[in-house]
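For reference, the structure discussed in these notes is given below.
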Amino acid sequence: MAIWKIHPVVMGTKVFDKGMMTYQHDYGKPYTIPIYCWYLEGAGHKILVDTGEMHPIQSKDREDAIGGRIHTFEHGLEKWGLKPEDIDIVIHTHLHNDHCENDYKCTNAVFYVHQKELDHITDPHPLDFRYLEDFIFEIREAGQIRAITGDRKEIAPGIDMVYTPAHTAGGMSVVIETEAGKAIITGFCCLKENFFPPKTITAMEMEVIPPGTHVNVYDAYDIMLKIKEEADILLPLHEPEFASADTIP
Numbered sequence: 016m017a018i019w020k021i022h023p024v025v026m027g028t029k030v031f032d033k034g035m036m037t038y039q040h041d042y043g044k045p046y047t048i049p050i051y052c053w054y055l056e057g058a059g060h061k062i063l064v065d066t067g068e069m070h071p072i073q074s075k076d077r078e079d080a081i082g083g084r085i086h087t088f089e090h091g092l093e094k095w096g097l098k099p100e101d102i103d104i105v106i107h108t109h110l111h112n113d114h115c116e117n118d119y120k121c122t123n124a125v126f127y128v129h130q131k132e133l134d135h136i137t138d139p140h141p142l143d144f145r146y147l148e149d150f151i152f153e154i155r156e157a158g159q160i161r162a163i164t165g166d167r168k169e170i171a172p173g174i175d176m177v178y179t180p181a182h183t184a185g186g187m188s189v190v191i192e193t194e195a196g197k198a199i200i201t202g203f204c205c206l207k208e209n210f211f212p213p214k215t216i217t218a219m220e221m222e223v224i225p226p227g228t229h230v231n232v233y234d235a236y237d238i239m240l241k242i243k244e245e246a247d248i249l250l251p252l253h254e255p256e257f258a259s260a261d262t263i264p
């Protein structure tokens with residue numbers, strides 16, 4: 016079994032109401048989240064999970080809020096000796112714009128994404144304004160997309176994709192074998208607090224907090240419990256804790 020290292024690189028941020036992350040909790044509280052591109056290093060492959068924002072706002076206020084540097088796509092990859100054209104695989108958790116804006120730069124990559132994400136980005140519901148078809152135009156025209164319809168084993172040795180439609184209909188979590196055990200990058204937008212709620216939440220007999228935006232809140236709750244149980248290392252998709260980390264584990 017191949018062993019991987021995970022390098023979280025901040026390639027964008029959002030400042031919004033915290034309730035967008037934490038269902039029925041902390042509404043009205045301004046919060047800054049990092050938008051990650053995760054570089055997976057190992058087994059001879061150059062793999063990214065998501066590609067972040069095309070034009071991230073790079074400001075001291077936002078960097079102070081997340082506790083780490085904000086990079087452009089090119090500079091973020093350069094930190095690890097990479098260029099966009101070096102990437103051979105991109106795994107998408109989902110296709111909301113902040114997770115795929117730099118796809119077109121990875122001209123030599125194969126892109127793995129759930130078919131439901133492709134369906135929704137071409138015909139989004141009005142509530143799903145975060146889907147913008149323009150961001151996948153080039154890779155679709157170039158035939159770089161590999162659509163999947165459920166769990167997908169062995170994208171590369173030691174890397175699996177698990178179908179987790181909590182935040183979007185085609186959400187995919189990424190399971191990665193590391194020297195410290197099984198790491199899971201969630202396929203849904205959430206924080207560490209979603210998995211480890213404060214006592215005010217657990218006192219109501221809730222073990223997790225579903226994502227603030229979701230497909231079905233009850234299903235999302237159950238999906239989160241399953242991911243929490245299976246992961247040795249939990250990597251919630253927008254947790255600020257990883258903004259200052261070079262490598263996990």
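In my numbering, the protein residues as written are 16 to 264. Every residue, glycine too, gets a C-beta built ideally from N, C-alpha and C.
{"Query": "Measure from the alpha carbon of L92 to the alpha carbon of each residue in W53, K29 and G202, then state which is nearest.", "Result": "W53"}
{"Query": "Report, in whole angstroms, the separation of the C-beta atoms of M36 and G227, which I expect to be a contact under 8 Å.", "Result": "5 Å"}
{"Query": "Skipping 5 residues on each side, what residues in its chain have a beta carbon closer than 8 Å to that of I72?", "Result": "G27, T28 and I85"}
{"Query": "Would you kindly work out how many angstroms separate the C-alpha atoms of E148 and E116, rounded to a whole number?", "Result": "10 Å"}
{"Query": "If I follow the unbroken beta strand (DSSP E) through F88, where does it start and stop?", "Result": "No beta strand (DSSP E) holds F88; the alpha helix (DSSP H) holding it covers F88 to E93."}
{"Query": "To the nearest whole angstrom, what separates the beta carbons of I160 and T201, a pair I think is in contact under 8 Å?", "Result": "Between T201 and I160 the Cβ distance is about 22 Å, and since that is not below 8 Å, they are no contact."}
{"Query": "Alpha carbon to alpha carbon, how far is Y146 from H109?", "Result": "10 Å"}
{"Query": "Just list the residues that DSSP pairs G57 with in beta bridges.", "Result": "H60"}
{"Query": "Below 8 Å on the Cβ atoms is my contact criterion, and I expect I48 with P255 to pass it. Report the Cβ-Cβ distance as a whole number of Å.", "Result": "7 Å"}
{"Query": "DSSP state of A258, grouped into three classes?", "Result": "helix"}
{"Query": "Does any residue of chain B bring its CB to less than 8 Å from the CB of Q130?", "Result": "Structure shown: chain B not included; a single protein chain is present."}
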